[in-house]
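Shown next, in structure tokens, is the structure this report addresses.
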Amino acid sequence: MTLKRILGSLFLGAVLSQAAQATPTLAEYAASPEYSAVDLSPSGSMLSIIHEIDGQEYLCVFNIAEQTEHCHANVRDLRANGTGFIDDEHVALIASERTRAFGSRGRFDQVSIFVVDTERGVVNPLARDVRGMHPRQAGMTGIIGIEEDSEYVYVPSYNRTPPFRYDVFRVNLNTGSGRRVLLGDAETVGWVITRDGDAVSREKYDIESGNYSIETRRGDDWQTIFTSNEPLREHQVRGLSPDRESLVVVLPTEDETADGVYYINLQTGEKTGPFFVEEGREIEAVYLNQDREMTGIRYSGLRPAYHFFDEDLTTAMDSLMEQFQGTSVSYQSRSADGSRIVVYVSGRFFSGHYVVYDIASASIVLVVPERRWIQPEDMAVIETISYTTDDGYTIPSIVTWPSNTDMANLEPMPMIVMPHGGPEAYDRMQYDFLAQSIANQGYLVFQPNFRGSDGFGRAFTMAGRGEWGRAMQQDVTDGVNILIQEGWADPDRVCIVGWSYGGYAALAGGAFTPDLYNCVVAVAGVSDLHAMLRYEEDRYGVDSMPYRYWVDQFGRDGVEPEDLAPRSAAMHAEAFQAPVLLLHGEDDLIVPDEQSEIMAEALEAAGKYYEIRTFPGQNHSILDEGSREGVLQEIITFVNTHIGPAQ
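So the sequence shown is numbered by the working numbering: it starts at 794 and just counts up by one.
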């Protein structure tokens, strides 16, 4: 195995110079950002923003020139997911509300769109009186069209009566009234429309057969131009090509080592590509203008990369990435005339800062820090590394050192291994409240992007299928061993801590490499693969895509109890040598808290040391600040007890 250490320089301009404060507390690390969900107005003169004030969250509009903020609504109960200007007078708020269906004992999160009138300070649901729309607005995940005068917008939603169809509705921004303008059917899953609401294409997918198709409008009729059979859906139309002659889809290249843009011609259905390929990267986002034309793309990676069609925007982003070397610079939005952009800077000494950049003057005009209480000097040092496994896979990874580390004279440190969740996700150069808070307690934190992670090519992701507890786990083990060999980590003081799939990996580490770890912490972790698969079957059914996906994740040798037991930590409790801490939200619908209970019962029967804590009313992410601080405190106390921080 080989290790490659990747260093980057850092720019710290006067825009971030602030007075030193006390070292952040665990509560401050776990706290929600003071500012979030920023978007730039079409005029480039204002920002929409979620501002947390005294434990409440307000949707506010910030005037950049005047440096004034006007807050219009308390949106704490709405659980805001994002904001976006429709025009300078209206801001859309994408939010989810915890609600209860009529006649149901359960609760669920309902996604809704709210509209803020910035002149009158009025906040209303977008669709308040729309004929034929589903009463819970199911499927209305965003606005897909805005008319030229901005008085009307177009949204997709299921209709109100069975058989439920995925239709398009035209809604008045000021009154909330509207009507259906485009009719889908039982298999419709997506739309591309013009600004006037005319259909360009609609996508269809039959879950049972796996048949996917794209249709285009020919007069009053629909004509199928493209078909594919996909047991797990792969095609998804992102928008239109810049010349508006083709639809844009993103798919893996033939060798599956990267993603590419493919064009599907609207007249012939011919698919061409791939274009804009960056080896070892996937395309995470396709940027569109209000006419749904592709203007650029963002690539995945430890730090994002971009391809924009506008030279001025390309120059601006190159300049910002040069100024903030060693960080992730994430493009957010641009003014209508192209003169200003907003980016999000995170990583190294940046705990998350929104930066407004003026392209004409090539200058930063405003910086909005998410967490003013975390100063640059308080940030634990984040560094990217990579290592090569014995079977030839390169594992891109993150290591985080305490802020007071003497990087020129490194000594072996107690280490926390922190595999990510998903597993098809990845860790990148950015602020991570767990990694930051744990590192600054005196630990080296290691976050490996093992095979099975996404972001580094489909082949790398697919290499994890069927490898839970095997090659995926070996990638983590290899990384631990190489950091020990490098003299970075103390072999007698190593703990593994994980959330979700990371929780599975933590338990698997304790069960299958018991000599490697001195303590194990699993938050919302999977302990019994067969019980987890039965949960997915009961919830979705054997013909559903979620069930098929998890069969593919766990499979290869079969999915019966005898097939999955060798990779289920709960079936190997007797092998554990390290103490175990189990943490779980009681309302977790992703990984039920039964999984932690199964593990606890197995450890109890084997006579092994464990602790278990549950968090009432909390879901898989444990979003409530008090509970999240509780999770952090439990982890810190546990690892301090069993391996102790660096002195």
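Even glycine gets a Cβ: it sits at the ideal position worked out from N, Cα and C.
Contact set for residue i: own chain, Cβ-Cβ below 6 Å, skip 5 residues either direction
i: residue 1277; result: 1284
i: residue 1450; result: With the chain running from 794 to 1440 in the structure shown, residue 1450 is simply not present.
i: residue 1064; result: 1055, 1057
i: residue 1215; result: 1294
i: residue 800; result: Annotation note: pLDDT 38 at residue 800 (below 50); position unreliable, no value reported.
i: residue 901; result: Bear in mind that a pLDDT of 43 at residue 901, under 50, signals an unreliable position, so the model cannot answer this.
i: residue 899; result: Because the pLDDT of residue 899 is 39, which lies under 50, any placement of that residue in the model is unreliable, and the question is left without a value.
i: residue 981; result: 959, 995, 997
i: residue 1270; result: 1306
Option nearest residue i by Cα separation, candidates the options
i: residue 1051; options: 1302, 1069, 1015; result: 1069
i: residue 1154; options: 1275, 937, 929, 1131; result: 1131
i: residue 963; options: 981, 956, 988, 1213; result: 988
i: residue 1325; options: 1312, 1342, 1309; result: 1342
i: residue 1279; options: 1288, 1175, 1202; result: 1202
i: residue 1158; options: 1126, 1358, 1095, 1135; result: 1135
i: residue 858; options: 849, 1387, 837; result: 837
i: residue 1123; options: 1096, 1062, 997; result: 1096
i: residue 786; options: 1249, 1250, 1245, 1268; result: The chain is shown from 794 up to 1440; residue 786 falls before or after that span and cannot be answered.
i: residue 1350; options: 1322, 1329, 1048, 1178; result: 1322
i: residue 1072; options: 1081, 1060, 1059, 1046; result: 1046
i: residue 855; options: 847, 1260, 1066, 912; result: 912
i: residue 1348; options: 1255, 1406, 1251, 1427; result: 1255
i: residue 1309; options: 1317, 1275, 1337; result: 1275
i: residue 955; options: 906, 1427, 978; result: 978
i: residue 1375; options: 1099, 1387, 953, 1433; result: 1387
i: residue 1169; options: 1187, 1183, 1146; result: 1146
i: residue 1114; options: 1103, 1198, 1098, 1104; result: 1098
i: residue 1357; options: 1332, 1228, 1023, 1327; result: 1327
i: residue 848; options: 870, 882, 1407; result: 870
i: residue 819; options: 1197, 1227, 850; result: 1227
Endpoints, the alpha helix (DSSP H) within which residue i is located
i: residue 1175; result: Careful: residue 1175 lies outside any alpha helix (DSSP H), inside the beta strand (DSSP E) at 1174-1181.
i: residue 1333; result: 1322-1333
i: residue 1355; result: 1354-1357
i: residue 1105; result: 1104-1116
i: residue 983; result: Counting along the chain, residue 983 falls outside any alpha helix (DSSP H), though it belongs to the beta strand (DSSP E) covering 981-986.
i: residue 1278; result: 1264-1278
i: residue 1255; result: 1251-1255
i: residue 1227; result: 1226-1232
i: residue 1347; result: 1338-1347
i: residue 1389; result: 1387-1399
i: residue 819; result: 819-823
i: residue 1300; result: 1294-1305
8 Å contact criterion, which residue i and residue j should meet: CB distance rounded
i: residue 852; j: residue 831; result: Wrong, their Cβ atoms sit about 11 Å apart, outside the cutoff.
i: residue 1291; j: residue 1180; result: Not confirmed; about 19 Å, so no contact.
i: residue 827; j: residue 1163; result: 6 Å
i: residue 821; j: residue 1167; result: 7 Å
i: residue 1355; j: residue 1340; result: Actually they are not in contact, since the Cβ atoms of residue 1355 and residue 1340 sit about 20 Å apart, beyond 8 Å.
i: residue 1233; j: residue 1173; result: 5 Å
i: residue 1205; j: residue 1282; result: 6 Å
i: residue 1129; j: residue 835; result: 4 Å
i: residue 1005; j: residue 1026; result: 6 Å
i: residue 1438; j: residue 1171; result: Not a contact, Cβ separation roughly 16 Å.
Proximal residues to residue i (C-beta, below 8 Å), its chain only, five neighbours per side dropped
i: residue 1419; result: none
i: residue 810; result: With a pLDDT of 44 at residue 810, under the threshold of 50, the modelled position of this residue cannot be trusted; read the value that follows with caution. Nothing listed; no residue qualifies.
i: residue 1373; result: 1300, 1303, 1312, 1313, 1314, 1315, 1392, 1396, 1401, 1402, 1403, 1404
i: residue 1435; result: 1288, 1311, 1312, 1371, 1372
i: residue 921; result: 968, 969, 970
i: residue 1222; result: 1095, 1096, 1119, 1120, 1121, 1139, 1140, 1141, 1175, 1177, 1191
i: residue 1411; result: 1378, 1379, 1380, 1381, 1417, 1420
Run of the beta strand (DSSP E) containing residue i, from where it starts to where it stops
i: residue 967; result: Per DSSP, residue 967 belongs to no beta strand (DSSP E) and is neither H nor E.
i: residue 1193; result: 1187-1194
i: residue 842; result: 839-846
i: residue 1014; result: 1014-1022
i: residue 1206; result: 1206-1210
i: residue 1376; result: 1373-1378
Spatial neighbours of residue i in its chain, beta-carbon cut-off 7 Å, leaving aside the 5 residues before and after
i: residue 931; result: 950, 951
i: residue 1043; result: 1031, 1052, 1054, 1076, 1079
i: residue 1081; result: 1032, 1087, 1088
i: residue 953; result: 925, 926, 927, 928
i: residue 1424; result: 1316, 1376, 1415
Please confirm if the segment 908-927 is in contact with the segment 859-875, defined as three or more CB-CB distances below 8 Å between the two stretches. Result yes; three or more Cβ-Cβ pairs closer than 8 Å.
Can we say the segment 1087-1095 touches the segment 988-1001, given the rule of at least three CB pairs closer than 8 Å? No: the two stretches stay apart, fewer than three of their Cβ pairs being nearer than 8 Å.
Does the segment 1231-1241 come close enough to the segment 1185-1201 to have 3 or more Cβ pairs within less than 8 Å? Because the criterion of three Cβ pairs below 8 Å is met, the segment 1231-1241 and the segment 1185-1201 touch.
For the segment 942-950 against the segment 964-975, do three or more pairs of beta-carbon atoms, one drawn from each stretch, fall closer than 8 Å, so that the two count as touching? Between the segment 942-950 and the segment 964-975 there are three or more inter-stretch CB-CB distances shorter than 8 Å, so the stretches are counted as touching.
Check whether the segment 1145-1154 and the segment 1104-1116 touch, using three or more Cβ-Cβ pairs below 8 Å as the test. Taking 8 Å as the limit for Cβ pairs, the verdict is that the segment 1104-1116 does touch the segment 1145-1154.
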